[in-house]
Amino acid sequence: MKIAFPASADKSEALIDERFARCPFFCFYDFDTNQMEFKENMLRNGAGGIGLQVAEFMANHGVNKVFAVEFGPKAKDMLTKLHIETQLITAGKTVQQIIDENRPA
Amino acid sequence: MKKPFEIVILSGKGGTGKTSVTAAFASLAKHAVFTDCDVDAADLHLVLSPDIYQQEEFSSGAKAVVDTDKCTSCGLCKDVCRFSALAYSGDIPVIDEYACEGCGLCSIVCPVDAITIENYNNNHIYFATCRFGPMVYGKLGIAEENSGKLVSKIRQYARELAQKHHAEIIITDGPPGIGCPVISAVTGSDLVLAVTEPTMSGWHDLDRLIEMIGGFKTPVFVVINKYDLNEEMTRVIEGNLLAKNIRVIGKIPYSDTMVLALLEAKTINEFDPSGYIAGELTRIWETITLTYEQNK
Amino acid sequence: MKIAITSGKGGTGKTTVSTGLFHILNRYLKHHVQLLDCDVEEPDCHIFIKASKTAVYPVNLLIPEINANICTFCGKCKAACAFNAIVMLPPAKFIEVSADMCHGCGACTYVCPENAITEKHKSIGQVSHFDYYAKDEFIEGRMHIGSALQTRVIRETITHARQQGVILFDSPPGTSCPVIATVSKSDYVVMVTEPTPFGLNDLILMAETVKQLGKKHGIVINKAGLNYKPLYDYITQNNIPLLGEIPFRKELASAYSKGEIVAESSPEIRSLFEGITKKILFETSLNS
Chain A
438 MKIAFPASAD
448 KSEALIDERF
458 ARCPFFCFYD
468 FDTNQMEFKE
478 NMLRNGAGGI
488 GLQVAEFMAN
498 HGVNKVFAVE
508 FGPKAKDMLT
518 KLHIETQLIT
528 AGKTVQQIID
538 ENRPA
Chain B
103 MKKPFEIVIL
113 SGKGGTGKTS
123 VTAAFASLAK
133 HAVFTDCDVD
143 AADLHLVLSP
153 DIYQQEEFSS
163 GAKAVVDTDK
173 CTSCGLCKDV
183 CRFSALAYSG
193 DIPVIDEYAC
203 EGCGLCSIVC
213 PVDAITIENY
223 NNNHIYFATC
233 RFGPMVYGKL
243 GIAEENSGKL
253 VSKIRQYARE
263 LAQKHHAEII
273 ITDGPPGIGC
283 PVISAVTGSD
293 LVLAVTEPTM
303 SGWHDLDRLI
313 EMIGGFKTPV
323 FVVINKYDLN
333 EEMTRVIEGN
343 LLAKNIRVIG
353 KIPYSDTMVL
363 ALLEAKTINE
373 FDPSGYIAGE
383 LTRIWETITL
393 TYEQNK
Chain C
11 MKIAITSGKG
21 GTGKTTVSTG
31 LFHILNRYLK
41 HHVQLLDCDV
51 EEPDCHIFIK
61 ASKTAVYPVN
71 LLIPEINANI
81 CTFCGKCKAA
91 CAFNAIVMLP
101 PAKFIEVSAD
111 MCHGCGACTY
121 VCPENAITEK
131 HKSIGQVSHF
141 DYYAKDEFIE
151 GRMHIGSALQ
161 TRVIRETITH
171 ARQQGVILFD
181 SPPGTSCPVI
191 ATVSKSDYVV
201 MVTEPTPFGL
211 NDLILMAETV
221 KQLGKKHGIV
231 INKAGLNYKP
241 LYDYITQNNI
251 PLLGEIPFRK
261 ELASAYSKGE
271 IVAESSPEIR
281 SLFEGITKKI
291 LFETSLNS
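Taken in sequence, the protein lines are chains A, B and C. If you read the first sequence in our numbering, its first letter stands for residue 438, the second for the next number, and so on. If you read the second sequence in our numbering, its first letter stands for residue 103, the second for the next number, and so on. If you read the third sequence in our numbering, its first letter stands for residue 11, the second for the next number, and so on.
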């Protein structure tokens with residue numbers, strides 16, 4: 438299973454970012470291979486419709502589940518349509534914490 | 103870092119006293135950041151007298167520009183434009199910059215690449231400090247598209263300012279109406295305070311606003327300003343809101359104090375701290391902070 | 011003659027003035043007059059102009075639908091969309107246009123090499139005609155709640171205006187694109203303000219806008235009584251005709267709150283509105 442969530446910087450001890458579509462980085466983690474990858478969110482400075490485009494970005498990266506403090510209604514609908522699970526997380530945690538807490542049993 | 107609690111003050115109809123109420127909250131709130139998202143007629147700064155320390159330009163729209171040297175007057179651009187934004191003046195296509203939505207179709211169809219889409223940078227965002235704390239506000243350039251992008255950007259900066267200053271609350275003076283800038287002001291906020299007045303149009307507009315917000319699940323509180331100008335209408339509005347399960351958290355009587363405070367560029371709570379209206383506004387603010395505390 | 015009634019700040023009395031002018035022109039000055047409510051986000055004129063609806067015309071947008079079975083996922087439509095409204099996922103054969111983001115410009119349909127796109131009507135508002143004194147004299151534009159394309163509804167509303175007689179536009183507040191859509195189609199602009207710092211600040215923005223558009227204009231001060239000198243100084247210094255002043259009185263506020271035409275609340279107020287109306291007619295006749 439591959440997950441993704443917004444990060445405030447590209448390192449595992451960084452805090453998660455509270456914005457979904459406009460965060461600076463996304464952290465991708467593949468539980469099958471235990472590979473962690475950060476990608477800069479190049480979409481964040483777009484004018485409008487960013488939530489939709491980020492949903493597409495997630496799907497193109499083969500993500501199965503997305504975590505965020507808050508999802509916009511358009512982004513959430515599109516993620517659902519693209520068969521990507523969404524789950525809310527509380528702010529103030531680190532990237533590593535999110536990965537550890539959501540590791541499948 | 104916890105996400106700050108975001109309160110947006112709206113009204114549907116203009117002129118109900120939204121900005122005076124926002125300003126009063128500014129003098130009551132502790133550890134808050136203030137924003138004016140009524141970018142089309144920004145007035146909050148007239149009361150809060152902020153000192154601007156930084157400003158930036160902001161583009162909220164793009165428009166087509168024709169290079170008349172390259173243009174062969176084929177007329178394709180005019181044919182495809184659905185916004186009637188192109189007209190020919192003799193052989194030269196002229197863009198109606200007020201009608202152009204910047205979709206770029208004309209530039210796609212142009213066989214000689216004579217049309218480009220250019221961003222307009224007529225809008226401004228100001229970072230400032232006022233006597234109650236940090237403030238960020240925007241001003242739309244004249245005739246600019248009020249698409250809500252400027253509102254979203256201001257709110258994003260307000261969140262960043264709140265993190266920097268460890269502020270727990272963001273208080274936003276919102277735009278009137280129910281269109282795109284209002285939708286941008288409500289998106290992601292934690293509480294809407296709607297300021298209305300006891301008039302048929304005040305209610306009509308509030309009703310449309312509430313229906314629009316209904317799509318967001320953001321809780322709404324209502325304050326009836328100038329409630330004694332028509333007490334019967336006030337009762338009608340209270341009844342209608344009760345039926346919709348929306349709380350009226352305060353009623354403010356009509357008074358010259360509102361304008362007199364404004365003339366001295368003071369909030370009502372600074373101008374007449376022991377007066378009835380200041381007391382009522384303090385009570386309203388306490389109700390809001392209580393909701394915020396419960397939300398923690 | 012098309013006259014736009016505007017105000018930089020909301021709630022200054024725009025609707026009070028436009029319904030008052032309409033009433034006076036229609037009832038007392040026997041003019042061929044039409045009122046168009048262009049404040050499509052919050053149209054309020056109908057509260058004062060009590061008339062029965064005779065016809066409703068939808069305001070539609072053409073929204074594309076992409077047939078994923080025909081689509082080859084070449085990505086041309088997505089690249090052409092200036093509003094980021096298209097989401098595409100080729101491996102899943104998924105492609106969709108978000109109707110909320112779409113402006114209905116037709117760029118995607120134009121660029122699609124496979125003819126995979128068809129366009130369907132989506133209603134974003136309506137224009138209603140009202141029977142007022144047995145004539146089509148009151149027309150209202152109304153945007154559907156949740157839509158964000160107010161300017162489109164305004165433009166459509168204005169196409170319903172007659173070509174002769176006096177046409178009044180009740181404009182939205184502010185100075186941004188919906189206001190321009192209204193003001194740019196008018197010959198004369200009445201700017202309504204109030205004697206407060208907020209009123210003056212927003213009047214200045216409005217006056218600059220109107221000057222930029224090159225429209226002849228004048229000012230009506232509503233809720234007058236407070237001798238706010240900077241406003242009067244501004245009007246004198248800029249040589250803008252003062253068309254009249256409506257006093258602040260509790261009984262006028264009360265008439266307004268009940269949805270009554272303020273201009274008809276007393277003989278004195280009626281003659282005051284008549285004066286304003288005649289002054290506007292005079293100013294506009296100078297123009298032509």
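Note that the Cβ used here is the ideal one computed from N, Cα and C, for glycine as well.
- Query: Closest to GLY21 of chain C by CA distance: which of C:THR203, C:HIS154, C:GLU284 is it?
  - Reply: What you label residue 21 of chain C is simply residue 11 of the third sequence in a count that begins at 1. By alpha-carbon distance to GLY21 of chain C, the top candidate from C:THR203, C:HIS154, C:GLU284 is C:THR203.
At a cut of 8 angstroms, does the segment 511 to 530 of chain A reach the segment 466 to 481 of chain A through at least three beta carbon pairs? Verdict: no, contact absent.
DSSP three-state assignment for ASN482 of chain A, whether helix, strand or coil: Taking the first sequence and counting its residues from 1, the one referred to as residue 482 of chain A is at position 45. In the three-state reduction of the DSSP assignment, ASN482 of chain A falls in the coil class, being assigned neither a helical nor a strand state.
Does any residue of chain C bring its CB to less than 7 angstroms from the CB of ALA458 of chain A? Working through the first sequence from its first residue, we reach residue 458 of chain A at position 21. At a cut-off of 7 angstroms between beta carbons, ALA458 of chain A makes no contact with chain C.
Exercise for review: Give the single residue among B:GLY163, B:TYR190, B:LEU343, B:LYS368 whose Cα lies nearest to the Cα of SER175 of chain B.
Suggested key: Position 73 of the second sequence holds residue 175 of chain B. Nearest C-alpha to SER175 of chain B: B:TYR190.
Self-check item: VAL422 of chain B - containing alpha helix (DSSP H), residue span
Solution: Lying before the first or after the last residue shown, residue 422 of chain B is absent from chain B, which here runs from 103 to 398.
Fill in: Buried or exposed by the 16-neighbour rule on C-beta atoms within 10 Å, applied to GLY529 of chain A
Translated into the one-based positions of the first sequence, residue 529 of chain A becomes position 92. So GLY529 of chain A counts as exposed.
For this session: Please name the residue or residues paired with CYS232 of chain B in a DSSP beta bridge.
Result: Sequence index remark: in the second sequence, residue 232 of chain B carries index 130 (1-based). DSSP lists B:GLY235 as the bridge partner or partners of CYS232 of chain B.
Q.
Could you check whether the Cβ of GLY352 of chain B sits closer than 7 angstroms to any Cβ belonging to chain C?
A. The residue labelled residue 352 of chain B in the question sits at position 250 within the second sequence. Not one chain C Cβ lies under 7 angstroms of GLY352 of chain B.
Residue span of the alpha helix (DSSP H) that contains TYR200 of chain B, given as start and end = In the second sequence, the residue the question calls residue 200 of chain B occupies position 98. Following the DSSP letters along the chain, one finds TYR200 of chain B in no alpha helix (DSSP H), marked with neither H nor E.
Review point. In its own chain, which residues sit with a C-beta less than 6 angstroms from the C-beta of ASP330 of chain B, not counting the 5 before and 5 after it?
Key: For the purposes of this step, residue 330 of chain B is taken as the residue at position 228 of the second sequence. Within the same chain, ASP330 of chain B has close Cβ partners PRO355, TYR356.
- Task: Could you tell me the distance, in whole angstroms, from the CA atom of VAL135 of chain B to the CA atom of SER162 of chain B?
- Result: Position 33 of the second sequence, counted from the start, is the residue given in the question as residue 135 of chain B. Position 60 of the second sequence, counted from the start, is the residue given in the question as residue 162 of chain B. The alpha-carbon atoms of VAL135 of chain B and SER162 of chain B are separated by roughly 24 angstroms.
Please tell me whether ASN94 of chain C has its Cβ less than 7 angstroms away from any Cβ of chain A. Reading the third sequence from its first residue, position 84 is the one you call residue 94 of chain C. With 7 angstroms as the cut-off, ASN94 of chain C counts as an interface residue toward chain A.
Taking a Cβ distance cut-off of 7 angstroms, strictly less, list which residues of the segment 109 to 126 of chain B are near chain C, in chain order.
-> Flagged, chain order: GLY114, LYS115, GLY116, GLY117, THR118, THR121.
I think GLU51 of chain C touches GLN160 of chain C, with their Cβ atoms under 8 angstroms apart; what is that distance to the nearest whole Å?
By 1-based counting over the third sequence, the position of residue 51 of chain C is 41. By 1-based counting over the third sequence, the position of residue 160 of chain C is 150. At roughly 5 angstroms, the Cβ-Cβ gap stays under 8 angstroms, so GLU51 of chain C and GLN160 of chain C are in contact.
Original post:
For the segment 170 to 203 of chain B, which residues have a CB atom closer than 9 angstroms to at least one CB atom of chain C, in sequence order?
Top reply: Flagged, chain order: VAL182, CYS183, ARG184, PHE185, SER186, ASP198, TYR200, ALA201, GLU203.
Which same chain residues end up closer than 6 angstroms to ARG349 of chain B when comparing Cβ atoms and leaving out the 5 residues on each side of it in sequence?
Here residue 349 of chain B is taken as the residue at index 247 of the second sequence, counted from 1. Spatial neighbours of ARG349 of chain B in its own chain (CB-CB distance under 6 angstroms, excluding positions within 5 residues in sequence) are listed in chain order as PHE323.
Given a limit of 8 angstroms on CB to CB distance, which residues of the segment 278 to 301 of chain B reach chain A? Cβ proximity to chain A below 8 angstroms picks out THR289, GLY290 from the segment 278 to 301 of chain B.
Open item on the list: Between ALA528 of chain A and chain B, is any beta-carbon pair separated by less than 7 angstroms?
Closed with: As a position in the first sequence, residue 528 of chain A is number 91, starting the count at 1. At a cut-off of 7 angstroms between beta carbons, ALA528 of chain A contacts chain B.
- From the DSSP output, read off the bridge partner residues of SER133 of chain C. Within the third sequence, numbered from 1, the residue matching residue 133 of chain C stands at position 123. Paired residue(s): C:ASN70.
Residues in the segment 203 to 214 of chain C having any Cβ partner in chain B nearer than 7 angstroms:
Flagged, chain order: THR206, PRO207, PHE208, ASN211, ASP212.
- Mind checking which residues open and close the beta strand (DSSP E) that includes ASP138 of chain B? Counting from one through the second sequence, the residue named residue 138 of chain B turns up at place 36. For ASP138 of chain B, the enclosing beta strand (DSSP E) starts and ends at 134 to 138.
query = So the alpha helix (DSSP H) THR203 of chain C belongs to, where does it begin and stop?
reply = Here residue 203 of chain C refers to the residue found at position 193 when the third sequence is read from its first residue. Bounds of any alpha helix (DSSP H) do not take in THR203 of chain C; it lies within the beta strand (DSSP E) bounded by 198 to 203.
Pull out every residue of the segment 483 to 513 of chain A whose Cβ sits closer than 8 angstroms to any Cβ of chain C, in chain order. With the criterion set as a beta carbon lying under 8 angstroms from some beta carbon of chain C, the members of the segment 483 to 513 of chain A are GLY483, ALA484, GLY485, GLY486, ILE487, LEU489, GLN490, ALA492, GLU493, ALA496, ASN497, LYS511, in sequence order.
I need the boundaries of the beta strand (DSSP E) containing ILE80 of chain C, first residue and last residue. For this step, residue 80 of chain C is matched to residue 70 along the third sequence. For ILE80 of chain C, there is no enclosing beta strand (DSSP E), as DSSP marks it with neither H nor E.
Quick check: LYS353 of chain B and ILE326 of chain B, are their CB atoms within less than 7 angstroms of each other? Taking the second sequence and counting its residues from 1, one reaches residue 353 of chain B at position 251. Taking the second sequence and counting its residues from 1, one reaches residue 326 of chain B at position 224. Using a Cβ distance threshold of 7 angstroms, LYS353 of chain B and ILE326 of chain B count as a contacting pair.
*Buried or exposed: which applies to LYS319 of chain B, given that a residue is buried once 16 or more other Cβ atoms fall within 10 Å of its Cβ?*
Within the second sequence, residue 319 of chain B is the residue found at index 217, counting from 1. Exposed is the label assigned to LYS319 of chain B, since fewer than 16 other Cβ atoms lie within 10 Å of its Cβ.
Worksheet item: What's the gap between the Cα of THR206 of chain C and the Cα of ASP212 of chain C?
Response: What you label residue 206 of chain C is simply residue 196 of the third sequence in a count that begins at 1. What you label residue 212 of chain C is simply residue 202 of the third sequence in a count that begins at 1. Roughly 10 angstroms between the two C-alpha positions.
Quiz prompt | Bridge partner(s) assigned by DSSP for ILE244 of chain B | solution = Here residue 244 of chain B corresponds to residue number 142 of the second sequence, with the count starting at 1. According to DSSP, ILE244 of chain B bridges with nothing at all.
Per-residue contacts from THR22 of chain C into chain B (C-beta, under 9 angstroms): Along the third sequence, one-based indexing puts residue 22 of chain C at 12. Within 9 angstroms Cβ-Cβ: GLY116, GLY117.
| said: Taking 8 angstroms as the limit between beta carbons, can you name the residues of its chain near THR531 of chain A, skipping five residues before and five after? | reply: On the first sequence, position 94 is the one that residue 531 of chain A refers to. Answer for THR531 of chain A: SER449, GLU450, ALA451, LEU452, ILE453, listed in chain order.
Which residue marks the beginning of the alpha helix (DSSP H) containing THR298 of chain B, and which one marks its end?
In the second sequence, residue 298 of chain B corresponds to position 196, counting from 1. Per DSSP, THR298 of chain B belongs to no alpha helix (DSSP H); it is in the beta strand (DSSP E), 293 to 298.
Requested in this report: Would you identify the three-state DSSP class for GLY254 of chain C, choosing helix, strand or coil?
Outcome: Along the third sequence, read from residue 1 onward, the residue named residue 254 of chain C stands at position 244. The answer is strand: DSSP assigns GLY254 of chain C an E or B state.
Worksheet item: Given that a residue counts as buried once 16 or more other Cβ atoms are within 10 Å of its Cβ, and exposed if not, what is MET438 of chain A?
Response: Taking the first sequence and counting its residues from 1, one reaches residue 438 of chain A at position 1. By the neighbour-count rule (16 or more Cβ atoms within 10 Å), MET438 of chain A is not buried but exposed.
Nearest-angstrom Cα separation, counted from PHE93 of chain C out to LEU252 of chain B:
The count along the second sequence starts at 1 and reaches residue 252 of chain B at position 150. The count along the third sequence starts at 1 and reaches residue 93 of chain C at position 83. If you draw a straight line from the Cα of LEU252 of chain B to the Cα of PHE93 of chain C, it is about 16 angstroms long.
- Item | Option nearest PHE107 of chain B by Cα separation, candidates B:GLY119, B:ASP374, B:ALA131 | Counting from one through the second sequence, the residue named residue 107 of chain B turns up at place 5. Comparing Cα positions, the closest option is B:ALA131.
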